[in-house]
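Residue numbers (our numbering): 117 to 299.
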């Protein structure tokens, strides 16, 4: 009888172990699948209606004080043309649109500054910014700056699944004159 109880105990323990193992695997699978965010469609575009050809000079600015810049890339957008990209992902930012038009090494930091150069006559420097919990906007250097609705690097403003930004003649007029030496 005792031997039969021992054998039954081993059988019951091994079955119990198998059931616990299966339930654990099912729980892990459930957690993995429930944590994955479904891929969504993101559509981003930038259109040039400024009346001038535009060159975007993208770079990483490390510190505001010494103006050190790294990883410079240029993207040309002729007047009347558009940059467009449709992404299928769990997350993208509007800045991702630019990254589709140049090749960066894996060691590069993502850019945080864009110089918009209009026909090598005028330019505007756009620095990544966000709306602060304390009110107003701050740039990537944590400096308080005016919230710029005309800055496609405004993370608080341009984070929808579908964004279309248009550079206008007014943007060109308000840009800083650089006398043909903009780059």
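All C-beta atoms, glycine included, are put in the ideal place defined by N, C-alpha and C. Predicted, not measured: the structure shown is a model, and the values here were computed from it.
Supposed contact pair residue j and residue i - C-beta distance, whole angstroms, cut 8 Å
i, j, result
"residue 267", "residue 245", "6 Å"
"residue 274", "residue 203", "Contact flag wrong, Cβ pair sits at about 14 Å."
"residue 168", "residue 195", "6 Å"
"residue 160", "residue 229", "Actually they do not touch by this definition, with Cβ atoms about 19 Å apart."
"residue 205", "residue 284", "In fact, because the Cβ distance is near 29 Å, the residues do not count as touching under 8 Å."
Local Cβ density within 10 Å of residue i, reported as buried at 16 or more and exposed below that
i, result
"residue 282", "exposed"
"residue 177", "buried"
"residue 231", "buried"
"residue 295", "exposed"
"residue 260", "exposed"
DSSP bridge partner residues for residue i (one or two, in chain order)
i, result
"residue 156", "205"
"residue 176", "186"
"residue 245", "255 and 270"
Pick from the options that is closest to residue i, judged by C-alpha positions
i, options, result
"residue 171", "293, 191, 187 and 155", "191"
"residue 278", "259, 162, 234 and 138", "162"
"residue 236", "201, 227, 260 and 299", "299"
"residue 241", "258, 264 and 260", "264"
"residue 271", "174, 260, 134 and 255", "255"
"residue 269", "188, 164, 156 and 227", "227"
Distance cut-off 7 Å: residue i Cβ against heavy atoms of the ligand HEM
i, result
"residue 192", "In terms of ligand content, the structure shown is empty, and the ligand HEM therefore cannot be addressed."
Validate contact between the segment 243 to 255 and the segment 274 to 293 using beta carbons, cut 8 Å, 3 pairs: Fewer than three Cβ pairs drawn from the segment 243 to 255 and the segment 274 to 293 lie within less than 8 Å of each other, which leaves the two stretches out of contact.
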